[in-house]
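Working notes, beginning with the structure itself.
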Amino acid sequence: MRLAARHPNIKITALIAKGHAGQMLAQVFPHLSSLDVPSLVTSDEVDWDEVDVAFCGLPHGTAHAEIAKLPSRVKVIDMSADFRLRDLGTYAEWYGGDHGAPELLEGAVYGLTELYRDQIASARLVACPGCYPTAVLLALLPLVKDELILPEDIIIDAKSGVSGAGRSLKQNILFSEAGEGLSPYGIGSHRHVPEIEQELGEAAGQPVIVNFTPHLVPMTRGELCTSYVRLTGKTTVADLRAALTSGYADSPFVRVVEEGVIPATQHVRGSNYCHIGVFADRIPGRGIVVSAIDNLVKGSAGQALQNFNLMHGLDETTALEQLPLFP
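Under my numbering, the first residue of the sequence shown is numbered 3, with each subsequent residue one higher.
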């Protein structure tokens, strides 16, 4: 909503909530109190004739049932995981139940903007990627596609701020629990892994299994992923940099930083940018690729708005031009 409020082609006509239904927006999000928007209502109270696009931020496992109820003319930009995975069996394995709207899955487009621009432009339902897959895939997809790294030997060390866990009350994100400490979680079993493997496998033309470990960092927002890769043949780190630079030449929000510059979360905070750096490892034949995003912008809402722009024939940077906030 913060981003959409400055979009010249968006008018917020309905705000749907469950527990907060009946309240004013300012009661839930005081920082948005200056906006002239409707009060929060349930989905049954919405006049869908007044809605062209629905941005869906429901929890995993519940979004598909609600989206299935929407009129077919309403475009949907979903930020849950319900339409990200193409295989129904994989979805059931990682999200603990059968998919509630398999008939919609076939037409859903994975919303990694830089990879699926053309498909997103003509889609009715776009499934925005998770924040970790966004940072990881932007860093690795061109390298896998160009066969510059071995897809079977990828190790990903990922770190995210606590806002990635949402706003609900959870013990591990209480200030006294998360502050002044660093902890891994979802070791070997994080739900974003199948997204990463799905897209890397598509690029590689073969099944891919990655080593992925996320960590909770005591900061509000930001995400940094360090990927350790093995180079193929006579490939050099310079080749990796060249492939990334060429692959994102027409992508306004992906920036391959200058040689020697180290990406950092504070360099992208509040923006829709992704910074990628490439480094040689001390181990011969290996490279290190570092990517940084704001998990709430490029990793979620910003990418959703970027996809909205594509779906409506607008410049994909519209309402996303703000520079990173520093310090």
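Just so it is clear, CB atoms sit at the ideal spot from N, CA and C, and this is done for glycine as well. Just so it is clear, the structure is predicted and the values come from calculations on it, not from any experiment.
As a quick exercise: from the options, pick the residue whose alpha carbon is nearest that of residue i.
i: Y112; options: T237, A306, A103 and L72; result: A306
i: A245; options: L145, V55 and P32; result: L145
i: Q208; options: Q29, L152 and K13; result: L152
i: V280; options: L142, H22, A129 and A23; result: L142
i: P104; options: S178, H66, R169 and H192; result: H66
i: S302; options: D89, G132, A56 and L127; result: G132
i: L150; options: R223, L242, H269 and Y118; result: L242
i: N309; options: L139, T15 and I79; result: I79
i: L72; options: A240, D51, N174 and I12; result: D51
i: G330; options: I175, G190 and R4; result: The structure shown has nothing for residue 330, since the chain only spans 3 to 329.
i: S248; options: L140, D100 and R88; result: L140
i: A110; options: G98, L87 and A19; result: L87
i: K13; options: V39, Q25, G24 and Q173; result: V39
i: G203; options: D89, S185 and L60; result: D89
i: R271; options: A240, Q324, P61 and G24; result: Q324
i: H101; options: E68, V239 and E318; result: E68
i: A160; options: G181, A180, S185 and Q173; result: S185
i: M81; options: M26, H62 and G181; result: H62
Assuming residue i and residue j form a contact by the criterion Cβ under 8 Å, report the distance between their Cβ atoms to the nearest whole angstrom.
i: T92; j: P196; result: 5 Å
i: S58; j: A137; result: Note on residue identity: the sequence assigns Cys, not Ser, to residue 58. C58 to A137, Cβ: 22 Å. No contact.
i: H277; j: F328; result: The Cβ separation is near 13 Å, so there is no contact.
So, residue i versus residue j, is the Cβ gap smaller than 8 Å?
i: T64; j: L312; result: no
i: V231; j: V291; result: yes
i: L42; j: L17; result: yes
i: E225; j: S162; result: yes
i: L127; j: V164; result: no
i: K300; j: N274; result: yes
i: A83; j: R8; result: no
i: I198; j: P135; result: yes
i: L117; j: L322; result: no
i: K77; j: D54; result: yes
i: L171; j: R223; result: no
i: A129; j: F177; result: no
i: Y250; j: V259; result: no
May I have the straight-line CA-CA distance separating residue i from residue j, to the nearest angstrom?
i: G288; j: N213; result: Before going further, note that residue 288 is Arg rather than Gly in the sequence given. Roughly 15 Å between the two C-alpha positions.
i: Q121; j: E108; result: 13 Å
i: T267; j: D49; result: 40 Å
i: I158; j: T15; result: 41 Å
i: A282; j: L34; result: 45 Å
i: I295; j: S229; result: 14 Å
i: D326; j: F255; result: Correcting the residue identity first, residue 326 is Pro in this sequence and not Asp. Whole-angstrom Cα-Cα distance: 11 Å.
i: R169; j: M3; result: 16 Å
i: A70; j: S45; result: 13 Å
i: G166; j: E47; result: 30 Å
i: T215; j: D155; result: 14 Å
i: V263; j: S74; result: 47 Å
i: A206; j: K147; result: 6 Å
i: A125; j: I285; result: 44 Å
i: H314; j: G304; result: 16 Å
i: I189; j: E95; result: 16 Å
i: H22; j: L233; result: 51 Å
i: A240; j: R119; result: 27 Å
i: C106; j: V210; result: For clarity, residue 106 is Leu in the given sequence; the question names Cys instead. Straight-line Cα distance between these residues: approximately 26 Å.
i: G24; j: S191; result: 38 Å
i: Q29; j: T238; result: 55 Å
i: P10; j: E261; result: 37 Å
i: F31; j: L60; result: 17 Å
i: A56; j: D252; result: 28 Å
With a cut-off of 8 Å, does the C-beta of residue i fall near any C-beta of chain D?
i: A65; result: Given the protein chain composition of this structure (a single chain), no chain D is represented.
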